[in-house]
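For the sequence shown, counting from 1, position 154 maps to 528 in my numbering; every step adds exactly one. To keep things clear, I will list the structure first and then write my remarks on it.
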Amino acid sequence: MSKLRHKFSRTKSPSPSPSLSSKSNSSSSSYSSLSSSFNSSSMDQAEVKKVFSRFDANGDGKISTAELTDILRALGSDAHPDEVEQMMAEMDSDQDGYVDFNEFLSFHLSTRNDKSSEEAELKEAFAMYDLDKNGVISAKELHQVMKKIGERCSFGDCVKMIKSVDRDGDGCVSFDEFKKMMGGGKSGSSK
């Protein structure tokens, strides 16, 4: 289970609780895509560093607007350049045009305590993997998303990850199973 949590949290990998506020409905999906890179309920600093490294494609120790745009696209968000600039401005506390690890970590830490929209954001994170929108994540869908974001894992690995979380034995991950895996605690009947 921790392997799947780690894979999910590395892409969105993770918790969906952004502190960034959007001014419009269209930008909220971009913010959710970014925030879904976190699993704030259980992600430690080393895991945040791994997520940061995935965003920092050229390895220069900072995230540029272009890198943020690329990762948002990989996560399925078609963010308008103005939205990306707004996101950068909110994370870039020293206003140098880049987000370094400390700024990225501060963003992550500020999202940890915002539980008000956690359920909705978990649903958005789940939807990024539920490509056919049938309410479950299959190994095929997980594999497609992992390839899209540059994660190297075989289809067999994805089957194993799904099995490790699949409590009802249907071969897929439901929203309730996803929520439990992501540390969302109790699950109601919110499929």
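Ideal placement from N, C-alpha and C gives every residue a C-beta, glycine not left out.
Own chain, CB closer than 6 Å to residue i, minus 5 neighbours either side, in chain order
{"i": "R428", "result": "none"}
{"i": "F552", "result": "F500"}
{"i": "V533", "result": "A513"}
{"i": "S480", "result": "none"}
{"i": "M520", "result": "C527"}
{"i": "D474", "result": "K436"}
One or two residues paired with residue i in a DSSP bridge
{"i": "V458", "result": "The partner list for V458 (beta bridge, DSSP) is empty, contrary to what the question assumes."}
{"i": "V510", "result": "S548"}
{"i": "V533", "result": "In DSSP, V533 forms no bridge with anything."}
{"i": "V473", "result": "I437"}
Buried/exposed call for residue i, threshold 16 Cβ in 10 Å
{"i": "A513", "result": "buried"}
{"i": "D506", "result": "exposed"}
{"i": "K436", "result": "buried"}
{"i": "D504", "result": "buried"}
{"i": "L483", "result": "exposed"}
Three-way DSSP call (helix, strand, coil) for residue i in this model
{"i": "K497", "result": "helix"}
{"i": "K554", "result": "helix"}
{"i": "A463", "result": "helix"}
{"i": "I445", "result": "helix"}
{"i": "K480", "result": "Contrary to the premise, residue 480 reads as Ser rather than Lys in this sequence. In this structure, S480 counts as helix in the three-state DSSP scheme."}
{"i": "S427", "result": "helix"}
{"i": "E525", "result": "coil"}
Supposed close pair residue i, residue j - CB separation, criterion 8 Å
{"i": "S467", "j": "E477", "result": "5 Å"}
{"i": "E421", "j": "D430", "result": "No, E421 and D430 are not in contact; Cβ-Cβ is about 15 Å, not under 8 Å."}
{"i": "G450", "j": "M535", "result": "With a Cβ gap of about 19 Å, G450 and M535 do not count as contacting."}
{"i": "T439", "j": "A453", "result": "Not quite, the Cβ-Cβ distance comes to about 11 Å (not below 8 Å), so this is no contact."}
Residues near residue i by beta carbon distance below 7 Å, same chain, minus five either side
{"i": "V547", "result": "V510, I511, I536, V539, D540"}
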